[in-house]
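One line per chain: the protein sequences are A and B, in this order. For the first sequence, counting from 1, position 22 maps to 180 in the working numbering; every step adds exactly one. For the second sequence, counting from 1, position 26 maps to 184 in the working numbering; every step adds exactly one. Ideal placement from N, C-alpha and C gives every residue a C-beta, glycine not left out. Worksheet for the structure shown next.
There are 2 protein chains.
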Amino acid sequence: MFDPANLQFDRDGLIPCIAQDAASGEVLMMAWMNAQSVSRTLQTGRVTYWSRSRAALWVKGESSGHVQELVELRIDCDRDCLLALVNQTGPACHTNRRSCFYTSIREGSEQTIMQPVEGG
Amino acid sequence: MFDPANLQFDRDGLIPCIAQDAASGEVLMMAWMNAQSVSRTLQTGRVTYWSRSRAALWVKGESSGHVQELVELRIDCDRDCLLALVNQTGPACHTNRRSCFYTSIREGSEQTIMQPVEGG
Numbered sequence: 159m160f161d162p163a164n165l166q167f168d169r170d171g172l173i174p175c176i177a178q179d180a181a182s183g184e185v186l187m188m189a190w191m192n193a194q195s196v197s198r199t200l201q202t203g204r205v206t207y208w209s210r211s212r213a214a215l216w217v218k219g220e221s222s223g224h225v226q227e228l229v230e231l232r233i234d235c236d237r238d239c240l241l242a243l244v245n246q247t248g249p250a251c252h253t254n255r256r257s258c259f260y261t262s263i264r265e266g267s268e269q270t271i272m273q274p275v276e277g278g
Numbered sequence: 159m160f161d162p163a164n165l166q167f168d169r170d171g172l173i174p175c176i177a178q179d180a181a182s183g184e185v186l187m188m189a190w191m192n193a194q195s196v197s198r199t200l201q202t203g204r205v206t207y208w209s210r211s212r213a214a215l216w217v218k219g220e221s222s223g224h225v226q227e228l229v230e231l232r233i234d235c236d237r238d239c240l241l242a243l244v245n246q247t248g249p250a251c252h253t254n255r256r257s258c259f260y261t262s263i264r265e266g267s268e269q270t271i272m273q274p275v276e277g278g
């Protein structure tokens with residue numbers, strides 16, 4: 159059986175988790191998990207991070223409704239990074255954009271390549 | 159002009175960088191960069207991480223030939239995570255698998271879902 163204790167957490171007890179849209183392959187965001195949030199994510203099927211600013215479990219979309227339904231959780235070779243394939247409801251980013259990675263460096267300058275979702 | 163100093167590095171001066179296959183959308187790996195490796199990556203078009211174990215710049219594929227040609231570098235909303243869209247030569251993982259995320263948690267157990275590339 160999988161045990162979150164066998165992951166490699168950093169000195170703060172956290173592991174980065176990349177959320178990828180299971181259908182489109184778009185990388186939506188990266189946030190952090192602790193052992194408890196990994197367990198909750200697997201138990202509930204609802205992606206649950208650890209909020210470093212609030213120092214609390216963060217059920218993604220709990221207040222905004224922009225939930226992430228877990229399709230599959232994967233572990234990398236070093237066991238120190240997770241990849242969550244998700245069904246994302248609405249925008250993943252708090253700026254109302256589909257993805258947090260909406261800034262691109264092009265010809266040496268930052269460009270915004272994605273707009274907020276209307277009524278998101 | 160973009161200045162790596164305007165990114166949010168952690169207390170070790172590092173920022174996580176997700177490498178995604180620009181053509182297929184597959185998430186290949188996650189590794190770390192410091193300001194110098196961000197600059198080198200943009201200058202050379204060859205993805206260059208910071209090896210925490212060797213405490214040195216790590217030009218991906220320099221010894222293996224499994225290089226990552228940078229297509230585009232993106233920054234997330236908090237400026238504390240990078241997404242590199244890349245053209246990956248050969249496998250990205252040191253286990254000779256295309257991606258480092260070859261272990262999946264299915265029905266509570268870890269399963270290997272990807273095999274090493276032959277002759278990779």
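Quick check: the Cα distance between residue i and residue j, rounded to an integer number of angstroms?
| i | j | result |
| --- | --- | --- |
| A/T253 | A/V225 | 15 Å |
| B/R255 | B/G183 | 16 Å |
| A/D236 | A/Q273 | 35 Å |
| B/S222 | B/E265 | 35 Å |
| A/Q232 | B/M187 | Residue 232 of chain A is actually Arg in this sequence, not Gln. Their backbone Cα atoms lie some 12 Å apart in a straight line. |
| A/A250 | A/E276 | 14 Å |
| A/R198 | A/W216 | 10 Å |
| B/M159 | A/P174 | 29 Å |
| B/V196 | B/P162 | 7 Å |
| B/R169 | B/M191 | 13 Å |
| B/R138 | A/C239 | Outside the displayed range of chain B (159 to 278) lies residue 138 of chain B, so it cannot be described from this structure. |
For a test of the three-state rule: what should DSSP assign to residue i, helix, strand or coil?
| i | result |
| --- | --- |
| A/P274 | coil |
| B/D161 | coil |
| A/E268 | strand |
| B/A177 | strand |
For residue i, which beta-bridge partners are listed by DSSP?
| i | result |
| --- | --- |
| A/Q166 | Answer is none; A/Q166 lacks a bridge partner. |
| A/S257 | Looking at the DSSP assignment, A/S257 forms no beta bridge with any residue, so it has no partner. |
Identify the continuous beta strand (DSSP E) that holds residue i and give its terminal residues.
| i | result |
| --- | --- |
| B/C251 | No beta strand (DSSP E) contains B/C251, which DSSP labels as neither H nor E. |
For residue i, go through chain D and note every residue whose CB falls closer than 7 Å to its CB, in chain order.
| i | result |
| --- | --- |
| B/R232 | Looking for chain D here will not work: the only protein chains present are A and B. |
**OP:** For the region 182-243 of chain B, list the beta strand (DSSP E) runs that are entirely contained and at least 3 residues long, ordered along the chain.
**Re:** 185-191, 206-209, 214-217, 226-233
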